[in-house]
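Asks: For the sequence shown, our numbering gives the first residue as 41, with consecutive numbering after it. Even for Gly, the Cβ is constructed at its ideal location relative to N, Cα and C. Predicted model only: the values in this text are computed from it and were never measured.
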Amino acid sequence: IWRPPLALVVDDVAGSMAVLLGLLAAVRGAWATAACAWLCAVALIARVLPPRRLRANVRIVCISDTHGQHRQLQLPAGDILIHAGDFTRFGKLDDAEDFNAWLGEQPFREKVVVNGNHENKADWRHDAESILSNATFLKDSGANLCGLRIYGTDFCWPMKTESPIFAKIPSGTDVVVAHGPARGFVDCQMGCRALLWALGAIRPRLVVSGHIHGAHGLRHGLGALRGTIFVNAANCKDGYQVGWDVIVVDL
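(1) Straight-line CA distance for K151 to V88?
(2) Residues in its own chain within less than 7 Å of S173 by CB, not counting five upstream and five downstream?
(3) Among the residues of its own chain, which have a CB less than 8 Å from the CB of W142, if the five just before and after it don't count?
(4) Check for me: the alpha helix (DSSP H) holding I242 runs from which residue to which?
(5) Scan the segment 169 to 203 and note each continuous beta strand (DSSP E) run of 3 residues or more that stays entirely inside, going in chain order.
(6) Going by beta carbon distance, what residues of the same chain come within less than 6 Å of D278, once the five residues before and after it are set aside?
(7) What does the Cβ neighbour count give for D119, buried or exposed, with the cut at 16 atoms within 10 Å?
(8) Are the Cβ atoms of I122 and V215 separated by less than 9 Å?
(9) Do the CB positions of L258 and N275 come within less than 9 Å of each other?
(10) Applying the criterion that 16 or more other CB atoms from any shown protein chain within 10 Å of the CB defines a buried residue, is T201 buried or exposed?
(11) Looking at the structure shown, is S56 part of a helix, part of a strand, or coil, going by DSSP?
(12) Using CA atoms only, rank isn't needed, just tell me which of A241, G240, V247 is closest to A218.
(13) So what does Q281 bridge to, in DSSP terms?
(14) Can you tell which of P221, L60, T193 has the C-alpha that lies nearest to the C-alpha of A77?
(15) Applying the 10 Å Cβ sphere with the 16-neighbour rule, what's the burial state of C228?
(16) Looking only at C-alpha atoms, which of F206, I103, M57 sits nearest to I252?
(17) Tell me whether C102 sits in a helix, a strand or coil according to DSSP, three-state version.
(18) Which residues share a DSSP beta bridge with R259?
(19) Should G220 and W197 be called a contact, given that it needs their Cβ atoms to be closer than 9 Å?
(20) Would R95 pass as a contact of L291 if the rule is Cβ separation under 9 Å?
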């Protein structure tokens with residue numbers, strides 16, 4: 041059962057209540073109260089309206105948590121392939137090197153990869169960018185690809201206070217790739233509150249995560265995050281065996 045973040049639900053409910061209060065006040069002839077309520081309603085509704093954006097006409101294929109089983113995937117055609125981390129099993133270098141070779145065989149215009157927890161402590165982690173020569177490796181960094189501003193975070197465990205890692209995500213980012221999901225969206229209620237707060241300020245088009253295998257899927261944001269698509273692209277389902285399909289998003 042999906043339980044959306046309460047703060048985002050409040051955003052939507054407050055706007056609806058302000059409209060209703062204005063109507064009730066108008067029926068009773070309390071025009072000053074009605075005007076105040078409607079002004080509040082306009083401000084609240086403006087807060088939750090999705091940002092106006094032109095279509096990018098870019099197809100993004102999202103994968104994650106392949107754990108060395110990448111060759112089992114059947115990938116559809118697309119413009120950008122995004123892997124949201126855990127491309128190895130326990131940080132094995134052989135997995136990383138074969139993953140890079142496999143990436144070189146994929147006919148995407150761009151390929152983006154971030155660290156997962158399995159790579160975060162690997163002996164070769166400082167050489168990840170050179171090992172993944174067939175992709176754009178992002179670690180607290182961004183790139184402009186196919187007309188989209190894409191930012192990839194370093195891995196961190198869920199936090200209940202503001203995170204300096206997520207504070208680095210620049211405003212105007214279109215796609216955020218973070219291995220761990222945001223709290224309340226495709227996360228089995230185990231996601232990161234700090235990431236959710238940061239995304240509320242940035243309001244990207246798309247957030248691609250993984251990490252929690254059982255939370256695979258797609259959700260649309262609500263409240264102040266209306267207009268944002270949340271994807272948990274984990275492909276391994278039971279243990280380290282591929283059991284979930286890839287997810288395709290058109291922006």
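Replies: Looking at the atomic coordinates:
(1) One C-alpha to the other measures close to 32 Å.
(2) The answer, listed in chain order, is N140.
(3) Closer than 8 Å at the Cβ level, and outside the excluded window around W142, lie H110, R111.
(4) Here the alpha helix (DSSP H) through I242 covers 233 to 242.
(5) If we require 3 residues or more, the beta strand (DSSP E) runs fully inside the segment 169 to 203 come out as 181 to 185, 188 to 192.
(6) Same-chain partners within the cutoff: there are none.
(7) Around the beta carbon of D119, a 10 Å sphere encloses 16 or more other beta carbons of the protein chains shown; the residue is thus reported as buried.
(8) A contact, by the Cβ cut-off of 9 Å.
(9) With respect to the 9 Å criterion, L258 and N275 are not classified as neighbours on the basis of their beta carbons.
(10) It counts as exposed.
(11) Shown here, S56 sits in a helix according to DSSP, grouped into three states.
(12) Per the C-alpha coordinates, the member of A241, G240, V247 positioned closest to A218 is V247.
(13) The partner list for Q281 (beta bridge, DSSP) reads D278.
(14) Comparing Cα positions, the closest option is L60.
(15) With a 10 Å radius around the Cβ and a threshold of 16 neighbouring Cβ atoms, C228 comes out exposed.
(16) It is I103.
(17) Shown here, C102 sits in a strand according to DSSP, grouped into three states.
(18) In DSSP, R259 forms a bridge with F270.
(19) Closer than 9 Å, so yes.
(20) L291 is positioned such that its CB atom lies closer than 9 Å to that of R95.
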